[in-house]
Amino acid sequence: MRGHSELSLNKPRTPIILLAVSILGVGHMALAQVASPRDPSPFQAVSARSLRANLKFLSSDELKGRDTPSEGLDIAAAWIASQFEQFGLEPANKGSFYQLATFREKPVRNVVGLLRGSDPKLRDTYIIVSAHYDHLGVREGEGDVIFNGANDDGSGVVSMLELAKCFSQMKSPPKRSILFMAFWGEEKGLLGSTYYGKNPLFPLKGTVGQINIEQVGRTDDTDGPQISRFAVTGYEFSDLTKSIEEGGKAAGVSVDKRPQGDMYFMASDNAALARFGIPAHTISVAYEFPDYHRVGDHWDKIDYDNLAKITKAIGVSTNILANAEKAPRWNPDNPKVKRYLDAWKKLQEGG
Numbered sequence: 002m003r004g005h006s007e008l009s010l011n012k013p014r015t016p017i018i019l020l021a022v023s024i025l026g027v028g029h030m031a032l033a034q035v036a037s038p039r040d041p042s043p044f045q046a047v048s049a050r051s052l053r054a055n056l057k058f059l060s061s062d063e064l065k066g067r068d069t070p071s072e073g074l075d076i077a078a079a080w081i082a083s084q085f086e087q088f089g090l091e092p093a094n095k096g097s098f099y100q101l102a103t104f105r106e107k108p109v110r111n112v113v114g115l116l117r118g119s120d121p122k123l124r125d126t127y128i129i130v131s132a133h134y135d136h137l138g139v140r141e142g143e144g145d146v147i148f149n150g151a152n153d154d155g156s157g158v159v160s161m162l163e164l165a166k167c168f169s170q171m172k173s174p175p176k177r178s179i180l181f182m183a184f185w186g187e188e189k190g191l192l193g194s195t196y197y198g199k200n201p202l203f204p205l206k207g208t209v210g211q212i213n214i215e216q217v218g219r220t221d222d223t224d225g226p227q228i229s230r231f232a233v234t235g236y237e238f239s240d241l242t243k244s245i246e247e248g249g250k251a252a253g254v255s256v257d258k259r260p261q262g263d264m265y266f267m268a269s270d271n272a273a274l275a276r277f278g279i280p281a282h283t284i285s286v287a288y289e290f291p292d293y294h295r296v297g298d299h300w301d302k303i304d305y306d307n308l309a310k311i312t313k314a315i316g317v318s319t320n321i322l323a324n325a326e327k328a329p330r331w332n333p334d335n336p337k338v339k340r341y342l343d344a345w346k347k348l349q350e351g352g
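For the working numbering, add 1 to where a residue sits in the sequence shown, where the first one is 1.
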């Protein structure tokens with residue numbers, strides 16, 4: 002949350018996959034699909050073990066803090082794309098999982114996988130499930146100099162990947178299509194998500210909502226322990242939060258409206274898409290935690306059992322949203338959302 006060498010990244014590279022496998026050493030479980038979008042059963046295969054193994058790789062010293070731009074960021078992008086490919090998601094950009102951009106004269110990539118919806122009328126509308134995969138890189142000095150970014154936002158990425166796996170294994174996909182996105186450059190100022198908003202791979206008019214996942218692994222918030230609960234930024238900004246509330250209730254997780262939630266609405270990649278009119282919110286467990294933007298943000302400080310429970314709740318919330326006949330809307334009675342509501346109206350008028 003708001004902190005090179007050339008690689009051929011058109012397809013995931015074998016050495017990168019072998020590096021991940023050597024650190025992970027885990028497989029994936031199959032799922033059975035059930036009829037109700039409020040049923041948490043499709044997400045029961047989300048496991049603390051899988052989340053731990055994935056995050057141990059993503060936040061390992063080998064990736065050197067995933068700065069934008071860097072070789073470590075490129076390796077992370079290739080690994081995420083290989084996961085999307087393994088799950089059977091469709092490449093979102095003309096046969097590629099990458100949306101290329103340039104930053105400081107280096108190539109950078111949003112990683113985007115598509116799960117096509119099942120309803121003939123709604124499959125051309127889209128839900129975004131996102132997290133940012135960059136962090137702060139390496140500092141000068143001695144000792145621990147790598148900002149590993151396990152909670153910020155490796156935890157969001159591995160949660161998003163577990164959800165991509167679960168949705169891809171459903172016998173019948175949700176009615177709406179889902180775009181699973183990993184953004185670059187969040188720590189540099191929401192750069193990857195802003196780039197997507199300016200250069201969408203799918204029409205923004207048909208993009209009905211975004212659930213952004215940020216800092217969901219640590220429970221030691223400075224306001225106190227956050228067990229079996231998460232917060233939603235801009236809680237009263239749109240009615241998308243109703244789907245999130247329902248999902249949390251179904252999964253046994255409390256969904257909180259915290260006083261600082263409106264302020265943190267602007268602190269992650271949901272804000273970039275909101276500026277383009279998309280009802281978008283970020284889910285977080287800890288807004289602030291002791292190792293925030295410090296080198297001590299390590300994978301072994303994550304509460305993986307809680308992360309698994311939170312991920313399941315986000316899965317149910319997403320499933321409810323992706324099966325809803327009615328798209329979410331900004332709250333016209335909230336003066337804080339005027340700019341987003343105006344952008345949404347402009348989007349609808351522009352086609």
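Cβ coordinates follow ideal geometry from the N, Cα and C atoms, glycine included. A quick note: this is a predicted structure, and the numbers were derived from the prediction, not measured.
For tryptophan 300, three-class secondary structure by DSSP: One-based indexing of the sequence shown puts residue 300 at position 299. Three-state result, tryptophan 300: helix.
Starting from the N-terminal side, write out each stretch of the beta strand (DSSP E) that is 3 residues or longer and does not extend beyond the segment 49-136. DSSP runs (the beta strand (DSSP E)) wholly in the segment 49-136: 99-104, 107-116 and 127-133.
How about the segment 141-161 and the segment 224-237: do they share at least three Cβ pairs that are nearer than 8 angstroms? The segment 141-161 makes no contact with the segment 224-237; the number of CB pairs closer than 8 angstroms stays below 3.
Whether or not the segment 102-120 and the segment 180-195 are in contact is what I'm after, with contact meaning three or more pairs of Cβ atoms, one per stretch, closer than 8 angstroms; do they touch? In this structure the segment 180-195 touches the segment 102-120; the number of beta carbon pairs closer than 8 angstroms is three or more.
Taking three-plus beta-carbon pairs below 8 angstroms as touching, is the segment 123-138 in contact with the segment 85-102? Verdict: no, contact absent.
Excluding the 5 residues preceding and the 5 following aspartate 120 in the sequence, name in chain order all residues of the same chain whose CB lies nearer than 6 angstroms to its CB. As a position in the sequence shown, residue 120 is number 119, starting the count at 1. Spatial neighbours of aspartate 120 in its own chain (CB-CB distance under 6 angstroms, excluding positions within 5 residues in sequence) are listed in chain order as Lys176.
What number of angstroms, rounded off, separates the C-alpha of leucine 90 from the C-alpha of isoleucine 212? Locating residue 90 in the sequence shown gives position 89, where the first residue counts as 1. Locating residue 212 in the sequence shown gives position 211, where the first residue counts as 1. C-alpha separation (whole angstroms): 18 angstroms.
DSSP-derived helix/strand/coil call for glutamine 349: Position 348 of the sequence shown holds residue 349. Glutamine 349: helix per DSSP, three-state reduction.
Distance, Cα to Cα, alanine 273 vs phenylalanine 238? As a first step, residue 273 is located in the sequence shown; it is residue number 272 there, counting from the start. As a first step, residue 238 is located in the sequence shown; it is residue number 237 there, counting from the start. Take the alpha-carbon of alanine 273 and the one of phenylalanine 238: they are about 15 angstroms apart.
Helix, strand or coil at valine 35 [DSSP, three-state]: As a first step, residue 35 must be located in the sequence shown, where it is residue number 34. With a pLDDT of 45 at valine 35, under the threshold of 50, the modelled position of that residue is not reliable, and no figure is offered here.
Segment limits, beta strand (DSSP E) that includes alanine 183: For the purposes of this step, residue 183 is taken as residue 182 along the sequence shown, with counting starting at 1. Per DSSP, alanine 183 belongs to the beta strand (DSSP E) from 178-184.
When Lys172, Met264 and Ala275 are compared against serine 42, the one with the closest alpha-carbon: Position 41 of the sequence shown, counting from 1, holds the residue named residue 42. The candidate whose alpha carbon is nearest that of serine 42 is Lys172.
Pairs of beta-carbons, one from the segment 291-307 and one from the segment 261-268, closer than 8 angstroms: are there three or more? The segment 291-307 is not in contact with the segment 261-268.
Where valine 338 sits in the DSSP three-state scheme: The count along the sequence shown starts at 1 and reaches residue 338 at position 337. Collapsing the DSSP output to three states places valine 338 in a helix.
Exposure label - arginine 67; buried when at least 16 CB within 10 Å: What you label residue 67 is simply residue 66 of the sequence shown in a count that begins at 1. Counting Cβ neighbours within 10 Å, arginine 67 comes out buried, since at least 16 surround it.
For the segment 185-193 against the segment 159-169, do three or more pairs of beta-carbon atoms, one drawn from each stretch, fall closer than 8 angstroms, so that the two count as touching? Contact fails: fewer than three Cβ-Cβ distances are below 8 angstroms.
Return the first residue and the last residue of the beta strand (DSSP E) that asparagine 271 is part of. The residue labelled residue 271 in the question sits at position 270 within the sequence shown. Under the DSSP assignment, asparagine 271 falls outside any beta strand (DSSP E), being part of the alpha helix (DSSP H) whose first and last residues are 271-275.
Looking at arginine 259: is its Cβ nearer than 8 angstroms to the Cβ of asparagine 152? Walking along the sequence shown from the start, residue 259 turns up at place 258. Walking along the sequence shown from the start, residue 152 turns up at place 151. Cβ distance not < 8 angstroms, so arginine 259 and asparagine 152 don't count as in contact.
In the structure shown, what three-state DSSP assignment does phenylalanine 290 receive? Taking the sequence shown and counting its residues from 1, one reaches residue 290 at position 289. Three-state DSSP puts phenylalanine 290 in coil, outside helix and strand.
Exposed unless 16 or more other CB atoms sit within 10 angstroms - verdict on asparagine 200: The sequence position of residue 200 within the sequence shown is 199, counting from 1. With fewer than 16 Cβ atoms within 10 Å of its Cβ, asparagine 200 is classed as exposed.
CA-CA distance, isoleucine 311 and glutamate 247? Looking up residue 311 in the sequence shown gives position 310. Looking up residue 247 in the sequence shown gives position 246. Answer to the nearest angstrom: the Cα atoms are 13 angstroms apart.
Is glycine 210 helix, strand or coil when you go by DSSP? Within the sequence shown, residue 210 is the residue found at index 209, counting from 1. Looking at glycine 210 - three-state DSSP - the assignment turns out to be strand.
Name the two residues that bound the continuous alpha helix (DSSP H) containing valine 312. If you number the sequence shown from 1, residue 312 lands on position 311. Rather than valine, the amino acid found at residue 312 in this sequence is threonine. Counting along the chain, the alpha helix (DSSP H) containing threonine 312 begins and ends at 305-324.
Below 8 angstroms on the Cβ atoms is my contact criterion, and I expect arginine 39 with valine 256 to pass it. Report the Cβ-Cβ distance as a whole number of Å. As a position in the sequence shown, residue 39 is number 38, starting the count at 1. As a position in the sequence shown, residue 256 is number 255, starting the count at 1. Not really, about 14 angstroms apart at Cβ, beyond 8 angstroms.
Measure from the alpha carbon of histidine 133 to the alpha carbon of each residue in Lys206, Thr283 and Arg124, then state which is nearest. On the sequence shown, position 132 is the one that residue 133 refers to. Closest by alpha carbon: Thr283.
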